[in-house]
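Trainee:
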Amino acid sequence: MAVELKSMKASQIYSNGSDFDQIPVDQLSYQNEAFQTDRNDDDSSVTNEKVHMEIEMSHESNSDCCSRHTLQIQSAVYACLKKNKTIIKFVFKSVLLLAYLSYVAYAMYYRFGGEPEWRLLICSVFGLMMIIGFWFSNHFKNNIKNWRRDRLLTFCTSSSTERVMFHLKWMLKVAVFIFIVVYVIINVAIDHPENLIAAAGIALYIMVFYVTSINPAQVDWHPVFWGLALQFIFALITLETQWGYDAFKWIGNRVTEFLVYSDVGAEFVFGSVFAEHLFAFKVMPVVVFMATIISILYYLGVIPFLIKHAGRFLGFCMGTRPAESLSAAGNIFLGMTDLPLMLRPFLKDLTNSELHAILTGGFATIAGSVLGAYISFGVPANHLLTASVMSAPAALALSKLSYPELDGSHTSTTDYSKIAKSVDRNIFDAATHGATVSAKLVAAIVVNVIAFLSLLEFVNVTLIWFGERVGVEDFTLEFMCSYLFYPIAYFMGADVPDCRQVATLVAKKTFTNEYIAYFDLAKIINNRKELTKFIATDNSSTSNWWWNNNDVIYNNGTQNITLELGIMSDKSEVVATYALCGFANFGSMGILLGALSALVPSREADITGMILRAMITGNAACFLTGSIAGKTDDDFSNAFAAKWHMFNHIYDTFHTFTYWVKHFVSCAGDVGS
Numbered sequence: 001m002a003v004e005l006k007s008m009k010a011s012q013i014y015s016n017g018s019d020f021d022q023i024p025v026d027q028l029s030y031q032n033e034a035f036q037t038d039r040n041d042d043d044s045s046v047t048n049e050k051v052h053m054e055i056e057m058s059h060e061s062n063s064d065c066c067s068r069h070t071l072q073i074q075s076a077v078y079a080c081l082k083k084n085k086t087i088i089k090f091v092f093k094s095v096l097l098l099a100y101l102s103y104v105a106y107a108m109y110y111r112f113g114g115e116p117e118w119r120l121l122i123c124s125v126f127g128l129m130m131i132i133g134f135w136f137s138n139h140f141k142n143n144i145k146n147w148r149r150d151r152l153l154t155f156c157t158s159s160s161t162e163r164v165m166f167h168l169k170w171m172l173k174v175a176v177f178i179f180i181v182v183y184v185i186i187n188v189a190i191d192h193p194e195n196l197i198a199a200a201g202i203a204l205y206i207m208v209f210y211v212t213s214i215n216p217a218q219v220d221w222h223p224v225f226w227g228l229a230l231q232f233i234f235a236l237i238t239l240e241t242q243w244g245y246d247a248f249k250w251i252g253n254r255v256t257e258f259l260v261y262s263d264v265g266a267e268f269v270f271g272s273v274f275a276e277h278l279f280a281f282k283v284m285p286v287v288v289f290m291a292t293i294i295s296i297l298y299y300l301g302v303i304p305f306l307i308k309h310a311g312r313f314l315g316f317c318m319g320t321r322p323a324e325s326l327s328a329a330g331n332i333f334l335g336m337t338d339l340p341l342m343l344r345p346f347l348k349d350l351t352n353s354e355l356h357a358i359l360t361g362g363f364a365t366i367a368g369s370v371l372g373a374y375i376s377f378g379v380p381a382n383h384l385l386t387a388s389v390m391s392a393p394a395a396l397a398l399s400k401l402s403y404p405e406l407d408g409s410h411t412s413t414t415d416y417s418k419i420a421k422s423v424d425r426n427i428f429d430a431a432t433h434g435a436t437v438s439a440k441l442v443a444a445i446v447v448n449v450i451a452f453l454s455l456l457e458f459v460n461v462t463l464i465w466f467g468e469r470v471g472v473e474d475f476t477l478e479f480m481c482s483y484l485f486y487p488i489a490y491f492m493g494a495d496v497p498d499c500r501q502v503a504t505l506v507a508k509k510t511f512t513n514e515y516i517a518y519f520d521l522a523k524i525i526n527n528r529k530e531l532t533k534f535i536a537t538d539n540s541s542t543s544n545w546w547w548n549n550n551d552v553i554y555n556n557g558t559q560n561i562t563l564e565l566g567i568m569s570d571k572s573e574v575v576a577t578y579a580l581c582g583f584a585n586f587g588s589m590g591i592l593l594g595a596l597s598a599l600v601p602s603r604e605a606d607i608t609g610m611i612l613r614a615m616i617t618g619n620a621a622c623f624l625t626g627s628i629a630g631k632t633d634d635d636f637s638n639a640f641a642a643k644w645h646m647f648n649h650i651y652d653t654f655h656t657f658t659y660w661v662k663h664f665v666s667c668a669g670d671v672g673s
């Protein structure tokens, strides 16, 4: 730039010779001196600028060289990692696994014998088995697939195999049916004949839904039978065997302990007195915490793995299609609005029967995210977990009875892997997504509880006002429903003195929501515990406590204590716990209708036409689960031990009888010969 200025000045001076001649000598001398001075300045500035440019070019050259080398190193490292990714991952996972196994081995050596040590050992063995199973299935996936296609499929589709399988299925059905009948006779009819009312209730539900089916002639009894059989067998394991009862009791206790961690976040946000506002500040944080955990487990693939294999099991036993089986299994973990997202690949191709089964399953079960809320109320966790699992096959059975398959299914029996995957990028994104989504769930729960409780109070006050006009006191909606729903509670096997209370809870669950019903049930459970403790500590007789309408009052020596909503027996509490375990209410109809209509607008007319039937069927599935629970003994954990000896006695008698029959036949043959 300085060179350009210098040439510009020179050109200006020498551009016009006539002008140059007219300039005076002294002025010319002055301009010449100025020119010389300016030229010297320009030369020095050019020199300095060149130096700066050389320095900058040197820095840029060094910087480019450093960047190039860094980029080359990064590229080489990335290429090496990419090329050896499999080996590196294997080595890393192997080191982690060996480190963990070393820890477990030392922990067993350091201390062994208590429950925590057994917990660590069993969970570690189970996890190791899952890892081995994953590794085996991934490395031999193609071989297993080819074996299924070439040999197993050929074997299963052959005419001789089909005949054998047909006879085996019928033999298994007959054997299971005989086992159930014999067990009911021995365990119920002989020792507790009053529990046969629940068995009559099961038969009544089957008959009613068969008569009201859209096409009774098309009912396939295979899924109906196996749905009820699976429900009964699972109830037998979890309610009447010592090990099954203890196992679910242990799982329930661990879940309860796990939910306590939500109190830390609640206390930080709401302060140390958060527990005084039970529903908003203690229960709702549990919903947020559980929704976050469910989202993380779904991202890690744990929940899809469980749903896929549980769905395969249900499909194998009941003969249902993948969409129906996956829906029934998924409802154990996911909510009725979350599950349609997982089943999105199936929704457009579902038949009306399959769509009805999905709707029924959504109404008949509860989500894992809200399970913690009911446990926080004080409802036993083991019974809630059992009810969630038992209602899944019951929902499929009643759905196939109420809305049988009229058209051929459009889905294949191998579509169990078409589960929508998580869209979260990492585990932190999954946790954030779960917590954010739970905000809508919490808001929906809170506003619905506020709205329905307010509406219920308005209806009760109005009914009381009308009742007082004709001399009838306490004429409330609960009073009416306690008689309207009395047959349902009675045929579920609830104790007769508690039937009106159970009926009231069922009505609240149906017309409002299950949160309100479980909240009242938790009060009743806590009332019984408090009264039992009072009687045990004070050695008081029944004269120190009495009923006042629906409440129980006892005197602790200084004042009367009122236990609102009264008390129920252990058996009635269990029956109510199972009967309430579902989303089947009128409010949920709108929620599920909106969710599915948004995903498949083309099926909105079909969904609208069957959603009321599905809600009633889902409610009946919950009542059926309550009937199974009501049929059991009062002592749920020790009933099976006494009956097992009777089964052995029957088996010995039958074995002796068959021996003498064979002996008689052989003797007759000898005589004839």
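Residues 1 to 673 in full-length UniProt numbering are what the sequence shown lists, from first letter to last. Just so it is clear, CB atoms sit at the ideal spot from N, CA and C, and this is done for glycine as well. All figures in this text were calculated on a predicted structure; none of them were measured in a lab.
(1) Note down, in chain order, each residue of its chain lying with its Cβ closer than 7 Å to the Cβ of Phe346, except the 5 sequence neighbours on either side.
(2) Pick out the complete alpha helix (DSSP H) segments inside the segment 371-444, 4 residues or longer, and give them in chain order.
(3) Would you kindly work out how many angstroms separate the C-alpha atoms of Asn352 and Phe313, rounded to a whole number?
(4) Report yes if the C-beta distance between Ser569 and Pro497 is below 9 Å; otherwise report no.
(5) Identify, in the order they occur along the chain, each residue of the same chain with its Cβ nearer than 7 Å to the Cβ of Val600, setting aside the five sequence neighbours on each side.
(6) For the 8 Å Cβ check, are there 3 or more pairs between the segment 580-599 and the segment 334-342?
(7) Taking only three categories from DSSP, how would you classify Asp551?
(8) Around the Cβ of Pro404, are there at least 16 other Cβ atoms within 10 angstroms (buried) or fewer (exposed)?
(9) Could you have a look at Asn460 and say whether DSSP puts it in helix, strand or coil?
(10) Out of curiosity, what's the CA-to-CA distance linking Glu457 and Tyr554?
(11) Report, in whole angstroms, the separation of the C-beta atoms of Leu521 and Ala576, which I expect to be a contact under 8 Å.
(12) For Ala310, I'd like the list of residues in its chain whose CB is within less than 6 Å of its CB, leaving aside the five on either flank, ordered along the chain.
(13) So Ala198 and Phe491 are supposed to be a Cβ contact under 8 Å. How far apart are they, rounded?
(14) Write down the C-beta distance between Phe363 and Met615 rounded to the nearest angstrom, noting that I regard them as a contact closer than 8 Å.
(15) From which residue to which residue does the alpha helix (DSSP H) around Asn352 run?
(16) So Met108 packs on Gln231, CB below 8 Å; how close in whole Å?
(17) When you compare each of Ser369, Leu396, Lys308 to Met318 by their alpha carbons, which one comes out closest?
(18) May I have the straight-line CA-CA distance separating Gly482 from Ala229, to the nearest angstrom?
(19) Here's the rule I'm using: 16 or more other beta-carbon atoms within 10 Å means buried, otherwise exposed. How should Thr476 be labelled?
(20) Which of helix, strand or coil does DSSP assign to Leu592?
(21) Which residues share a DSSP beta bridge with Ile561?
(22) Got a sec? Which residues, its chain only, sit under 6 Å from Tyr205 by beta carbon, not counting five neighbours each side?
(23) Going by Cα to Cα distance, which pick from Phe112, Ile294, Glu514 is closest to Ala430?
(24) If I measure Cβ to Cβ from Ala275 and keep anything under 6 Å in the same chain, skipping five residues before and after, which residues do I get?
(25) With distances taken between CB atoms, is the gap from Ala503 to Ile524 smaller than 9 Å?
(26) Applying the criterion that 16 or more other CB atoms from any shown protein chain within 10 Å of the CB defines a buried residue, is Cys66 buried or exposed?
(27) Among the residues of its own chain, which have a CB less than 7 Å from the CB of Tyr374, if the five just before and after it don't count?
(28) Would you check if the distance between the CB atom of Val449 and the CB atom of Tyr515 is smaller than 9 Å?
(29) Work out the CA separation of Ala291 and Ser369 for me, nearest whole Å.
(30) My understanding is that Ile251 touches Asn382, with C-beta atoms under 8 Å, so please give their C-beta distance in whole angstroms.
(31) CB Gly493 to CB Gly626, shorter than 9 Å?
Mentor: Walking through what the data contain:
(1) Take Phe346, set aside five residues on each side of it, and the residues of its chain with a beta-carbon closer than 7 Å to its own are Ala323, Thr411, Lys418, in chain order.
(2) The qualifying runs are 381-402.
(3) CA-to-CA, the gap between Asn352 and Phe313 works out to about 23 Å.
(4) With respect to Pro497, Ser569 sits close: the two C-beta atoms are nearer than 9 Å.
(5) Residues of the same chain with a CB within less than 7 Å of the CB of Val600, apart from the 5 flanking positions on each side, are Leu347, Lys348 in chain order.
(6) Yes, since at least three Cβ pairs between the segment 580-599 and the segment 334-342 fall closer than 8 Å, the two stretches touch.
(7) In this structure, DSSP gives Asp551 an extended state, which the three-state scheme calls strand.
(8) Per the 10 Å Cβ criterion, buried.
(9) Helix.
(10) Glu457 and Tyr554 have their C-alpha atoms roughly 27 Å apart.
(11) With 8 Å as the limit, Leu521 and Ala576 qualify as a contact, their Cβ atoms being about 6 Å apart.
(12) So the qualifying residues of the chain are Ala329.
(13) That belief holds up - the Cβ atoms of Ala198 and Phe491 are roughly 7 Å apart, short of 8 Å.
(14) That belief holds up - the Cβ atoms of Phe363 and Met615 are roughly 5 Å apart, short of 8 Å.
(15) From DSSP, the alpha helix (DSSP H) with Asn352 extends over 352-364.
(16) Not a contact, Cβ separation roughly 38 Å.
(17) Ranking the options by Cα distance to Met318, first place goes to Leu396.
(18) Looking at the sequence itself, residue 482 is Ser, so the reference to Gly does not match. Roughly 31 Å separates the two Cα atoms.
(19) The Cβ neighbour count for Thr476, taken over all protein chains shown within 10 Å, is at least 16; the residue is labelled buried.
(20) Three-state result, Leu592: helix.
(21) Within the DSSP bridge table, the entry for Ile561 names Tyr554 as partners.
(22) So the list reads Ala620, Leu624, once near-sequence residues are dropped.
(23) The candidate whose alpha carbon is nearest that of Ala430 is Ile294.
(24) Excluding residues within five positions, the ones whose Cβ falls inside 6 Å are Lys282.
(25) For Ala503 and Ile524, no; Cβs fall outside 9 Å.
(26) Around the beta carbon of Cys66, fewer than 16 other beta carbons sit within 10 angstroms, so the residue counts as exposed.
(27) Around Tyr374: Leu384, Tyr518.
(28) In this structure, Tyr515 lies closer than 9 Å to Val449 by Cβ.
(29) Straight-line Cα distance between these residues: approximately 5 Å.
(30) About 7 Å separates the CB atoms of Ile251 and Asn382; that is less than 8 Å, so the two are in contact.
(31) Yes; because the gap between Cβ atoms is below 9 Å, this pair is in contact.
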